[in-house]
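Undergrad: One structure follows; several queries about it will come next.
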Amino acid sequence: MDPFAAMNVVGLLAFAVAGSLKAADAGLDAFGVTVLGVVTALGGGTTRDVLVDRIPASLATTGDVSVALVGVALAVLLIRRTPDHVRVRDTPAFLVSDAVGLAAFAATGALVGTGAGLTPYGVVVLATVTAVGGGSLADLLVGRVPVVLREDFYATPAVLGGVAFWAVGSLGGPSSVQAGVCAGLVFATRMLALRYDWHLPRIRVEGGGEN
Amino acid sequence: MDPFAAMNVVGLLAFAVAGSLKAADAGLDAFGVTVLGVVTALGGGTTRDVLVDRIPASLATTGDVSVALVGVALAVLLIRRTPDHVRVRDTPAFLVSDAVGLAAFAATGALVGTGAGLTPYGVVVLATVTAVGGGSLADLLVGRVPVVLREDFYATPAVLGGVAFWAVGSLGGPSSVQAGVCAGLVFATRMLALRYDWHLPRIRVEGGGEN
Amino acid sequence: MDPFAAMNVVGLLAFAVAGSLKAADAGLDAFGVTVLGVVTALGGGTTRDVLVDRIPASLATTGDVSVALVGVALAVLLIRRTPDHVRVRDTPAFLVSDAVGLAAFAATGALVGTGAGLTPYGVVVLATVTAVGGGSLADLLVGRVPVVLREDFYATPAVLGGVAFWAVGSLGGPSSVQAGVCAGLVFATRMLALRYDWHLPRIRVEGGGEN
Numbered sequence: 001m002d003p004f005a006a007m008n009v010v011g012l013l014a015f016a017v018a019g020s021l022k023a024a025d026a027g028l029d030a031f032g033v034t035v036l037g038v039v040t041a042l043g044g045g046t047t048r049d050v051l052v053d054r055i056p057a058s059l060a061t062t063g064d065v066s067v068a069l070v071g072v073a074l075a076v077l078l079i080r081r082t083p084d085h086v087r088v089r090d091t092p093a094f095l096v097s098d099a100v101g102l103a104a105f106a107a108t109g110a111l112v113g114t115g116a117g118l119t120p121y122g123v124v125v126l127a128t129v130t131a132v133g134g135g136s137l138a139d140l141l142v143g144r145v146p147v148v149l150r151e152d153f154y155a156t157p158a159v160l161g162g163v164a165f166w167a168v169g170s171l172g173g174p175s176s177v178q179a180g181v182c183a184g185l186v187f188a189t190r191m192l193a194l195r196y197d198w199h200l201p202r203i204r205v206e207g208g209g210e211n
Numbered sequence: 001m002d003p004f005a006a007m008n009v010v011g012l013l014a015f016a017v018a019g020s021l022k023a024a025d026a027g028l029d030a031f032g033v034t035v036l037g038v039v040t041a042l043g044g045g046t047t048r049d050v051l052v053d054r055i056p057a058s059l060a061t062t063g064d065v066s067v068a069l070v071g072v073a074l075a076v077l078l079i080r081r082t083p084d085h086v087r088v089r090d091t092p093a094f095l096v097s098d099a100v101g102l103a104a105f106a107a108t109g110a111l112v113g114t115g116a117g118l119t120p121y122g123v124v125v126l127a128t129v130t131a132v133g134g135g136s137l138a139d140l141l142v143g144r145v146p147v148v149l150r151e152d153f154y155a156t157p158a159v160l161g162g163v164a165f166w167a168v169g170s171l172g173g174p175s176s177v178q179a180g181v182c183a184g185l186v187f188a189t190r191m192l193a194l195r196y197d198w199h200l201p202r203i204r205v206e207g208g209g210e211n
Numbered sequence: 001m002d003p004f005a006a007m008n009v010v011g012l013l014a015f016a017v018a019g020s021l022k023a024a025d026a027g028l029d030a031f032g033v034t035v036l037g038v039v040t041a042l043g044g045g046t047t048r049d050v051l052v053d054r055i056p057a058s059l060a061t062t063g064d065v066s067v068a069l070v071g072v073a074l075a076v077l078l079i080r081r082t083p084d085h086v087r088v089r090d091t092p093a094f095l096v097s098d099a100v101g102l103a104a105f106a107a108t109g110a111l112v113g114t115g116a117g118l119t120p121y122g123v124v125v126l127a128t129v130t131a132v133g134g135g136s137l138a139d140l141l142v143g144r145v146p147v148v149l150r151e152d153f154y155a156t157p158a159v160l161g162g163v164a165f166w167a168v169g170s171l172g173g174p175s176s177v178q179a180g181v182c183a184g185l186v187f188a189t190r191m192l193a194l195r196y197d198w199h200l201p202r203i204r205v206e207g208g209g210e211n
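Written out as structure tokens, the structure reads:
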């Protein structure tokens, strides 16, 4: 299995779970849960493919949607076991699946960017956009401000992963090692940031308040 | 008139009406009504064209915007005849025009997907995305959860229409018959689902509640 | 400096400022302010490039993000000097930077559209979409109805600028003069509309009210 296919399957499964859990929190019924799971799984990769001018994999193969539907089914099992008063997106199941999706899609973005001949800079940007794209779209669709704007260690791990991908490559590492290091670093950074409540150094911004 | 041009005109008119009515419900004034009508009419087709890597028709020809503006004008007449306390999107005028747009754009998506050499699977996905794209964008812009997430017989008719398009084609039907059967099935399924309150079989999802 | 590069730098700076100020109003912290500033700056141009099927400049060069970050830094200085109870988006700093971004990006859209061989009509549409794209995306992300739907003299100046770009070109003006006239007209029309509360002639729409 080539590194893209492996990371793609993991990312599709994980983001389908995360997206379905978000939909349940928003009070959507089974159909809405299914659609949002599939859209979350396919959103980042479709954006990635449009940006580098290739026909999105979501249109070209049945595999991606099938994998996403397996993820939705897993999520439905989780949702049915969660007590009514618990917000699903605060559960470890959500946080871990979201972090796995972030990590795996950062790696697919970096792989596609490299394949499309982007500069190292472009590879890092594409890794980040691919990683945060699906979850941001899901948040928008249920009417929430996307997590990428609310938490500093959501995009930051993806940026670090993109840089690591490039660094390993420039040391001569094969693409499977690049992808593995990238995904591992994104996942570890995201989980540690959640566990220890990491934040970037603050430049205090005042004058806020809700709109 | 080739089948694409015919379906495109019908879809642009119908979705311009539907989008304008949504804008009126959201309290937008005449300018907002016009912009949302045009964006709803052009949104699905532009997404379709970007996905198969061609310059969107909305950029290449004045015809599409002109047709959309005719639809906006029709909608303004409807809006002025609606009493103040009625939500326009509960009226038959909205539900029918939205179903016509869904049907016509499913057919254009299937035609473009076939022309771009997509697999049968890709044709069905593109038909669905083209059909639900404009309305979803309109809902997002006025701050509502898109209807595609809230009603199971919104995307489902488009999927069925895409499958019918492929089935008729594999039986040797010409593209005009394919497009007609696709659009007719989408429209009929959507209207019947609204009339008889159809739902997909429920997998009960609990743990919901507003976010 | 060619006209595209000049307009691009001005637009990136101005929209990074405007986007950051919107984020502060929405109560986002320093990281959210930075991300929204960068997304606002890059959003319109990325949409423009995807529509004409070229790899977005935001992926191909470090320059665009660097300029956007300078704009974010300027915005943070402004935000820290604004008293807590003032909504930043009502300040002249916001209104002027937003109008400058609108003007400069209308010019880049017209220049790219001409370079891509679009018809005069397509050039006007691309100028408009490029101009209003970044701000609309920013509004969506913080959960507001985009200004393009709420104010009639937001898209209208961009349309006028696109028409002026074409008119100057058809009189034989070089592209730097086209771009300058386009941007100047957009900026002047937008500021005058704000100052004198201009509106398009009203076609009264009733039946509204919040959804």
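Protein chains in written order, with the UniProt record's numbering: chain A, 1 to 211; chain B, 1 to 211; chain C, 1 to 211. Even glycine gets a Cβ: it sits at the ideal position worked out from N, Cα and C.
(1) If you check the beta carbons only, do D49(A) and A41(A) fall under 8 Å apart?
(2) In three-state DSSP terms, what is D53(A)?
(3) Would you identify the three-state DSSP class for G109(A), choosing helix, strand or coil?
(4) In angstroms with no decimal places, state the Cα-to-Cα distance between L74(C) and V132(B).
(5) Any chance the region 94-109 of chain A sits against the region 13-24 of chain A, with 3 or more Cβ pairs inside 8 Å?
(6) Helix, strand or coil for S20(C) per DSSP?
(7) Residues of chain C with a CB under 8 Å from the CB of V100(B): which are they?
(8) Helix, strand or coil for A26(C), going by three-state DSSP, please let me know.
(9) Relative to the C-alpha of T46(A), which residue among A93(A), G109(A), T189(A) and E151(A) is closest?
(10) Assuming V168(C) and V181(C) are in contact, meaning their beta carbons sit under 8 Å apart, how far apart are those beta carbons, in whole angstroms?
(11) Mapping the DSSP letters down to three states, classify T62(C) as helix, strand or coil.
(12) Roughly how many whole angstroms lie between the Cα atoms of V145(A) and V100(A)?
(13) Within this structure, are the beta carbons of G122(B) and L59(A) separated by less than 8 Å?
(14) Whose C-beta lies closer than 7 Å to the C-beta of F94(A) among residues of the same chain, with five residues either side of it excluded?
(15) Is DSSP giving T91(B) helix, strand or coil here?
(16) Does the region 143-160 of chain A come within contact of the region 22-35 of chain C, defined as at least 3 CB pairs closer than 8 Å?
(17) For V129(B), which residues in the same chain have their Cβ closer than 8 Å to its Cβ, ignoring the five residues on either side in sequence?
(18) What residues from chain B crowd round V52(C), counting only those whose CB sits closer than 8 Å?
(19) Under 7 Å, CB to CB, which of the residues in the region 101-129 of chain B have a partner in chain C?
(20) May I ask you to report which of helix, strand or coil DSSP gives G173(A)?
(21) Compare the C-beta of A6(C) with all C-beta atoms of chain B and state if any pair is closer than 8 Å.
(22) With 8 Å as the threshold, decide whether the Cβ of L36(A) is near any Cβ in chain B.
(23) Around the Cβ of D197(B), are there at least 16 other Cβ atoms within 10 angstroms (buried) or fewer (exposed)?
(24) Got a sec: does the ligand GDP put a non-hydrogen atom nearer than 7 Å to the Cβ of P146(B)?
(25) For V125(B) and G162(B), I'd like the C-alpha separation in whole angstroms.
(26) Of all Cβ atoms in chain C, is any one closer than 8 Å to the Cβ of F94(B)?
(27) Please decide whether T40(A) counts as near chain B, where near means a Cβ-Cβ distance under 8 Å.
(28) Within the same chain, show all residues whose beta-carbon is closer than 7 Å to that of L140(A), passing over the 5 residues directly before and after it, in chain order.
(29) Output the boundary residues of the alpha helix (DSSP H) element that contains A131(B).
(30) Helix, strand or coil, according to DSSP, for W198(C) in the structure here?
(31) Given a cut-off of 8 Å on the beta-carbon distance, is the pair V70(B) and V38(B) in contact?
TA: Reading off the structure:
(1) no
(2) coil
(3) helix
(4) 41 Å
(5) yes
(6) helix
(7) Correct list: empty, because the minimum Cβ distance to chain C is about 21 Å.
(8) coil
(9) G109(A)
(10) 5 Å
(11) coil
(12) 21 Å
(13) yes
(14) A18, L21 and V88
(15) coil
(16) yes
(17) G44, T47, R48, L51 and G109
(18) I55 and L59
(19) none
(20) coil
(21) no
(22) yes
(23) exposed
(24) The ligand GDP is not among the ligands present in this structure, which contains no ligands whatsoever.
(25) 8 Å
(26) no
(27) no
(28) P146
(29) P120 to L141
(30) coil
(31) no
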